[in-house]
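To start, the structure under review is shown below, and the notes come after it.
Protein chains: 2
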Amino acid sequence: MSDQVIKAEDLYDFVKRLMMRCQVSDVGAHYIADNLVTANLRGIDSHGVGRVKRYVEGIRRGYIVPDVSPKIVRENSVLGNVDARDGVGQPAGVFGMDMAIEKAQSEGIGLVTVFNSNHYGFAGYYAMRALEHNLIGISLTNSEPLVVPTFARNAILGTNPISIAAPTSKNRPWVMDLATSVVPRGKLEVYERLGKRIPPGWATDERGTSTDDPARVLENVLYGYAGGILPLGGEGETHGGHKGYGLSLMVDVLSGVLSGSNFGPDIIATKDGKMNHPRVGHFFMALDPAFFTELDVFKRRMDDYIDLLHTCNRAEGCSRIYVHGEKEYEMHDLRTREGIPLDAKTAESLIEYSKQFNEAIHFMS
Amino acid sequence: MSDQVIKAEDLYDFVKRLMMRCQVSDVGAHYIADNLVTANLRGIDSHGVGRVKRYVEGIRRGYIVPDVSPKIVRENSVLGNVDARDGVGQPAGVFGMDMAIEKAQSEGIGLVTVFNSNHYGFAGYYAMRALEHNLIGISLTNSEPLVVPTFARNAILGTNPISIAAPTSKNRPWVMDLATSVVPRGKLEVYERLGKRIPPGWATDERGTSTDDPARVLENVLYGYAGGILPLGGEGETHGGHKGYGLSLMVDVLSGVLSGSNFGPDIIATKDGKMNHPRVGHFFMALDPAFFTELDVFKRRMDDYIDLLHTCNRAEGCSRIYVHGEKEYEMHDLRTREGIPLDAKTAESLIEYSKQFNEAIHFMS
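So the protein lines, in turn, are chains A and B.
Quick note on our numbering: the first sequence kicks off at -10 and runs consecutively.
Quick note on our numbering: the second sequence kicks off at -10 and runs consecutively.
This is the structure we're talking about:
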């Protein structure tokens, strides 16, 4: 099996049909497919259709419940708390974010937490939903333990991402979406596949010290042995590892502790050898810049800031200064035109499901 | 002149009197003194009374207006935008944070931005004000350009801190307060004073590449030459420097762009050789956990998380795992008992002002 290329709409269509065959509702399947394919289009392949396998297996094992609807448990004009009832993360996430958006449109702000959810894909997907309403969007989620707190030996924290999107006029919107770890797990997998050593300061081994062996880290993490990925800022406090640790914890406090969901090491699908609902928590916020200043003024100021960053002096040997989201928008344009490349492993697993569920998949090549 | 030790209450009293002699109101002087001395008590000496000189000089030069009151320009039941009118940062910050707290007590959330302000001291001071009301507090501010965006040559961004404080029952509250740069400027000053080289990945020189020479960086930054401190994650993208760059920009978008204040390189006190109001922007949020879950449950879950972190396995050679704010609370206890040590340079400048303003200062030694 070799790498494949597939058109975005064909990939979306296949993933949606597959999810519906797993008892996910039409609208739920739409959001899963749209979220995963959008990640691929934007070049965030770590959160693309390579995840389909985990969702199908999660439904089969029972820790993801395919056919439940999110339920509002508390609500006022600006706040909400939503029970995702162990359902699929994407429709629960959209439900929460859209609730925040609706409140922000009427009151200037909306803040909604979601508990008892599952993996919701890439965080930026939700933040970006605010853009078409000229709102600032914020999306946070906790996630399975992969990251070691400063001076600790075990992975306690998730890669717990922070995403914020802000509208602009002339430039593409500013979309920041970052894991609070130095690197995502997917980066270690790439180095392992290429037989490369990882730089010091990315991950620790089972003694809790920095290692250059990606295979060892991935195995340790997979089997729940000690060690893991380091928080943004790296090992110890010299380069601010305690700051990345703090940011990851902040995301967990706002997504997990506050919402009433699981947090820290409890966000796992297997506990004491048995199936366990991970009970992921999300945090969504929408904010109307038009409350604080004129909307046009805000958007122009965002444009000015982006222009300033684009045109400021570059460090020796550097050819371009990026703003967040820019590389992803360019990749989105490219892959919309030329199709989405899938690595052999991902293509293979989709073909396997195509056979199992008797749903056709059409590659370009 | 040698190092000195001074009782917290004597230091507070002196700084307050000094500020009142500079035409700051009684309440304004209280918040400046309380903010700076609290920073010293907590061991955050970079934001302690060493800053008095900048405030006095700022008032003398006219870019800080000592005797104005903040003015609410927009407000609804949950949001506010406040014009600090180029006044002192601390009373404007407290005004904004307390407004957010009041709204959160009635509506579950309050979010207030402040524009046209000045340096407000340490960010955690404001976030912590939420704790006594059993609220989560968040405090962000932009600040003078010291930090170089990824691949850029010049300092465009501030060290733009993020602070969040969350209430607990049994444990000390969780108080995170971090600059979004690898290190604060104060850290480079310490290395320079000791004649030590700085680790690679902390700062860049005028070519935009990592340097180990703290004196060179400090001089470059002081005179507005190229180079500066690196964002959390360090140089380039290998260790996530683009993430620290994004977090710093996020703080500036929420504090500066959104509030209608200055942002990026405009937050300076001298422009084209003339006095310039820096027009710093702040962002404050208070959130009531009791809206989302029972207050006791939230506090117990925070305690559980902190206990878990305290007792998890430690990396080889590490003796203790900290949570954020813990070191600072311990230092607060110690310095409340034993007094606040002031380095010779800081003590000297306070004695100089003591003479100029004819206000007595009493050291312990």
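Ideal Cβ positions, reconstructed from N, Cα and C, are used throughout, including at glycine.
Boundaries (first-last residue) of the beta strand (DSSP E) holding residue 330/A:
Counting from 1 along the first sequence, the entry for residue 330/A is found at position 341. Residue 330/A -> beta strand (DSSP E) spans 329 to 331.
Beta-carbon neighbours of residue 297/B, restricted to chain A and to distances below 8 Å:
Here residue 297/B refers to the residue found at position 308 when the second sequence is read from its first residue. Near residue 297/B (Cβ distances below 8 Å), the residues of chain A are 145, 253, 254.
Along the chain, where does the beta strand (DSSP E) containing residue 102/A start, and where does it finish?
Counted from its first residue, the first sequence places residue 102/A at position 113. For residue 102/A, the enclosing beta strand (DSSP E) begins and ends at 98 to 106.
Would you call the region -8 to 1 of chain B in contact with the region 330 to 338 of chain B, where contact means no fewer than 3 C-beta pairs closer than 8 Å?
Yes: at least three Cβ pairs fall under 8 Å.
Could you run through the region 299 to 320 of chain B and flag, in chain order, every residue whose CB is less than 9 Å away from some CB of chain A?
301, 302, 303, 304, 305, 306, 307, 308, 309, 310, 311, 312, 313
Ranges of the beta strand (DSSP E) found wholly within the region 259 to 294 of chain B, counting only runs of at least 3
269 to 276
Closest Cα partner of residue 224/A within the set 61/A, 201/A, 281/A, 212/A:
Translated into positions along the first sequence, residue 224/A becomes position 235. Among 61/A, 201/A, 281/A, 212/A, the Cα nearest to that of residue 224/A belongs to 201/A.
Determine the closest residue to residue 123/B out of 197/B, 189/B, 287/B, with distance taken between C-alpha atoms.
Against the second sequence, residue 123/B aligns to sequence position 134. The shortest C-alpha separation from residue 123/B is found at 287/B.
Going by alpha carbons, who is nearest to residue 167/B out of 52/B, 128/B, 182/B, 320/B?
Within the second sequence, the letter at position 178 stands for residue 167/B. Checked all of 52/B, 128/B, 182/B, 320/B; the closest Cα to residue 167/B is 128/B.
In or out: residue 145/B buried (at least 16 other Cβ within 10 Å) or exposed?
Counting from one through the second sequence, the residue named residue 145/B turns up at place 156. Answer is buried; the Cβ neighbour count reaches 16.
Do you know how far the Cα of residue 271/A is from the Cα of residue 281/B?
Here residue 281/B refers to the residue found at position 292 of the second sequence. Here residue 271/A refers to the residue found at position 282 of the first sequence. Between the alpha carbons of residue 281/B and residue 271/A lies a distance of about 13 Å.
Mind checking whether residue 54/B and residue 149/B have CB atoms under 7 Å apart?
Along the second sequence, one-based indexing puts residue 54/B at 65. Along the second sequence, one-based indexing puts residue 149/B at 160. No.
Cα-Cα separation, residue 203/B to residue 160/B:
Stepping through the second sequence from its first residue, residue 203/B is reached at position 214. Stepping through the second sequence from its first residue, residue 160/B is reached at position 171. Taking the straight line joining both Cα atoms gives about 38 Å.
Would you be able to state if there are at least three C-beta pairs under 8 Å between the region 96 to 115 of chain B and the region 80 to 87 of chain B?
yes
For a quick check, are the C-beta atoms of residue 7/A and residue 346/A less than 7 Å apart?
Taking the first sequence and counting its residues from 1, one reaches residue 7/A at position 18. Taking the first sequence and counting its residues from 1, one reaches residue 346/A at position 357. The answer is yes: Cβ separation under 7 Å.
Report yes or no: do three or more beta-carbon pairs, one from the region 6 to 25 of chain B and one from the region 109 to 119 of chain B, lie closer than 8 Å?
yes
Counterpart residues of residue 71/A in DSSP-defined beta bridges:
Here residue 71/A refers to the residue found at position 82 of the first sequence. Within the DSSP secondary-structure output, residue 71/A pairs in a beta bridge with 61/A, 103/A.
If you draw a straight line from the C-alpha of residue 230/A to the C-alpha of residue 310/B, how long is it?
Within the first sequence, the letter at position 241 stands for residue 230/A. Within the second sequence, the letter at position 321 stands for residue 310/B. Rounded to whole angstroms, residue 230/A to residue 310/B spans 13 Å at the Cα level.
Leaving out the 5 sequence neighbours to the left and right, which residues in its chain are closer than 6 Å to residue 63/B when beta-carbon positions are compared?
Counting from one through the second sequence, the residue named residue 63/B turns up at place 74. For residue 63/B, where only same-chain residues beyond five positions count, the Cβ hits under 6 Å are 70.
Could one say the Cβ of residue 155/A lies closer than 7 Å to chain B's Cβ atoms, at least one of them?
For the purposes of this step, residue 155/A is taken as residue 166 along the first sequence, with counting starting at 1. At least one chain B Cβ lies under 7 Å of residue 155/A.
Check whether chain B comes within 7 Å of residue 196/A, counting only Cβ atoms and requiring the distance to be less than that.
Counted from its first residue, the first sequence places residue 196/A at position 207. Cβ-Cβ to chain B under 7 Å: yes for residue 196/A.
Residue 129/A - partner residues in DSSP beta bridges
In the first sequence, counting from the first residue as 1, residue 129/A sits at position 140. Looking at the DSSP assignment, residue 129/A forms a beta bridge with 151/A, 272/A.
Use the C-beta contact count for residue 264/B: other C-beta atoms within 10 angstroms, 16 or more gives buried, fewer gives exposed.
For this step, residue 264/B is matched to residue 275 along the second sequence. It counts as exposed.
Neighbour list for residue 70/B in chain A, Cβ cutoff strictly below 7 Å
In the second sequence, the residue the question calls residue 70/B occupies position 81. At a C-beta separation below 7 Å, residue 70/B has these neighbours in chain A: 281.
Residues within the region 232 to 249 of chain B neighbouring chain A, beta-carbon criterion of under 9 Å
Identification of residues in the region 232 to 249 of chain B having a C-beta nearer than 9 Å to some C-beta of chain A yields 232, 233, 234, 235, 236, 238, 239, 241, 242, 243, 245, 246, 247, 248, 249, given in sequence order.
Can you check whether the CB of residue 165/B is closer than 7 Å to the CB of residue 235/A?
Position 246 of the first sequence, counting from 1, holds the residue named residue 235/A. Position 176 of the second sequence, counting from 1, holds the residue named residue 165/B. Result yes, Cβ atoms of residue 235/A and residue 165/B sit closer than 7 Å.
Neighbour list for residue 65/B in chain A, Cβ cutoff strictly below 8 Å
For this step, residue 65/B is matched to residue 76 along the second sequence. Neighbours of residue 65/B on chain A, chain order: 96, 97, 280.
Select from the region 93 to 123 of chain A all residues with a C-beta closer than 8 Å to any C-beta belonging to chain B, and list them in chain order.
Residues 96, 97, 98, 100, 102.
Taking residue 141/A and residue 126/A to be in contact with their CB atoms under 8 Å, please state how far apart those CB atoms are, rounded to whole angstroms.
What you label residue 141/A is simply residue 152 of the first sequence in a count that begins at 1. What you label residue 126/A is simply residue 137 of the first sequence in a count that begins at 1. At roughly 32 Å, the Cβ-Cβ gap does not stay under 8 Å, so residue 141/A and residue 126/A are not in contact.
Option in 206/A, 249/A, 252/A, 192/A with minimal Cα separation from residue 227/B
Taking the second sequence and counting its residues from 1, the one referred to as residue 227/B is at position 238. Among 206/A, 249/A, 252/A, 192/A, the Cα nearest to that of residue 227/B is on 192/A.
Identity of the residues DSSP links to residue 166/A by a beta bridge:
Counting from one through the first sequence, the residue named residue 166/A turns up at place 177. Per DSSP, 152/A.
Kindly list the residues whose CB is nearer than 6 Å to the CB of residue 39/B, restricted to its own chain and excluding five residues on each side of it in sequence; keep chain order.
Looking up residue 39/B in the second sequence gives position 50. Hits under 6 Å: 335.
Counted within 10 angstroms of its Cβ, other Cβ atoms place residue 130/A as buried (16 or more) or exposed:
By 1-based counting over the first sequence, the position of residue 130/A is 141. Buried, by the Cβ-count rule.
Quick one: does residue 351/A have its CB under 7 Å from some CB of chain B?
Residue 351/A sits at position 362 when you count from the first residue of the first sequence. With 7 Å as the cut-off, residue 351/A does not count as an interface residue toward chain B.
From which residue to which residue does the alpha helix (DSSP H) around residue 210/B run?
Here the question's residue 210/B lines up with position 221 in the second sequence. From DSSP, the alpha helix (DSSP H) with residue 210/B extends over 203 to 211.
Quick one: list the residues of chain B neighbouring residue 167/A, beta-carbon separation under 7 Å, in chain order.
Here the question's residue 167/A lines up with position 178 in the first sequence. Residues of chain B passing the Cβ test: 232, 235.
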